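Student:
Numbering (the numbering used here), first residue to last: 36 to 449.
(1) Just to confirm, is the Cβ distance from residue 64 to residue 373 under 9 Å?
(2) In three-state DSSP terms, what is residue 54?
(3) Any chance the segment 234–244 sits against the segment 417–433, with 3 or more Cβ pairs inside 8 Å?
(4) Quick one: is residue 253 buried, meaning 16 or more other Cβ sit within 10 Å of its Cβ, or exposed?
(5) For residue 330 and residue 391, what's the separation of their Cα atoms in angstroms?
(6) What span of residues does the beta strand (DSSP E) with residue 331 cover, start to end?
(7) Tell me which residues share the same chain as residue 216 and place their Cβ nearer than 8 Å to its Cβ, disregarding the 5 neighbours each side in the sequence.
(8) Tell me the residue span of the beta strand (DSSP E) that contains residue 242.
(9) If you drop the 5 nearest sequence neighbours on each side, which residues of the same chain put their C-beta closer than 6 Å to that of residue 298?
(10) Taking the C-alpha atoms as reference points, what is the distance between residue 411 and residue 384?
(11) Can you tell me whether residue 108 is buried or exposed, with buried defined as 16 or more other CB within 10 angstroms of its CB?
(12) Please determine if the segment 275–282 and the segment 119–138 are in contact, where contact requires at least 3 C-beta pairs separated by less than 8 Å.
(13) Take every Cβ of the segment 156–165, pair it with every Cβ of the segment 179–190, and state whether three or more of those distances are shorter than 8 Å.
(14) Starting from the Cα of residue 116, find the closest Cα among 97, 292, 314, 386 and give me that residue.
(15) By how many angstroms is the C-alpha of residue 328 removed from the C-alpha of residue 430?
(16) Closer than 6 Å by C-beta to residue 151: which residues in its own chain qualify, once you throw out the five before and the five after it? Chain order, please.
(17) Using a Cβ distance threshold of 8 Å, determine whether the segment 167–187 contacts the segment 251–268, with at least three qualifying pairs required.
(18) How close, in whole Å, do the beta carbons of residue 61 and residue 413 come, if the pair is a contact with beta carbons under 8 Å?
(19) Here's the rule: buried if 16 or more other CB atoms are within 10 angstroms of the residue's CB, otherwise exposed. What is residue 346?
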């Protein structure tokens, strides 16, 4: 029988000690562990979910990489690119690339009887990946771009509400091309709401052939190519390969091409996301420090209350290492209980928020309308292992007080 473990078990679960101060201290230490681990799990899940949500929306609107004409950087009216089929195939076959999409872009003005509204019209082809917008649709369906010209358009919920338009309505959109006004009539096929107001407020989607006709582009010309990759974590690696393929190259009309990643297109948003990582690191460190202090305090109080017992154990022949083990085992009982309860509470809160989206956010400020959470089992396991190691190391410190206790004085201690 493990004597130290047996004694620790009796001390921890002995009901006669309920009135002792150490019982309250142990409960406080357990509560500190519960709060600490649950807050850390929630903080990590929120940040991971928040970053994924923002990245998914940025990629959904503009892909991981965009290829456009070099001298049109920062311009909406882009110089058309004419990329030969062999180069386009090489881009598609690049390691890590999931898909390529040809896009045409221009500016327009939606006019109703009561209002006007400026938009960026994004023209897409039959091969466009609608997976992102399918998840964001509020009403209607995505465009069915086929052989015949599609006269339908996707609008955001914000635009439809502002212009008092609804699904199935006809609307006029005006364009200024070569200082001449041109008009096109569209039917609203679908209404989407991504919660990313920066894009919802300005982007409408239509058949790319409308944009090509307005800008007098040939069938082989596009405003830009959007490149999606299979793994966001390999953004830089795929970027090196794409730059080796497209860097310092020209299209068939001798127009230099520019390759930009989603990070380069949205530097302020990614800088903000990096700042969130620092905030989470600070929260984790503070919670570990607070939990450690409560555990150390609880153990010190418990050791002082058991000074008389320590003296008796010394008198019976126990050495300081054996007595230390008794209190370490006992502390593991309440810390383990705190870790289990903390994990259950943290995971439960994350699951509830994930399914019911109870806590809302202002999309104008945070780009999402609720607090997003993403529970990653690997993160939870690593967090628990790190916390366990730190707490075990911290718990060793107060047990060194035992070595300074004199057996004779301890027995007389009241």
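From the three backbone atoms N, C-alpha and C, an ideal C-beta is built for every residue, glycine too.
The structure presented is a predicted model; accordingly, all values stated were derived computationally and were not measured.
Tutor: Based on what the coordinates show:
(1) yes
(2) Caution is warranted here: a pLDDT of 49 is assigned to residue 54, below 50, making its placement in the model unreliable, and no coordinate value can be reported.
(3) no
(4) exposed
(5) 35 Å
(6) Element bounds for residue 331: not the beta strand (DSSP E) but the alpha helix (DSSP H), 302–340.
(7) 209, 210
(8) 238–242
(9) 305
(10) 14 Å
(11) With a pLDDT of only 45 at residue 108, under the threshold of 50, the placement of this residue in the model should not be trusted, and no figure is reported.
(12) yes
(13) yes
(14) 292
(15) 10 Å
(16) 144
(17) no
(18) With 8 Å as the limit, residue 61 and residue 413 do not qualify as a contact, their Cβ atoms being about 32 Å apart.
(19) buried
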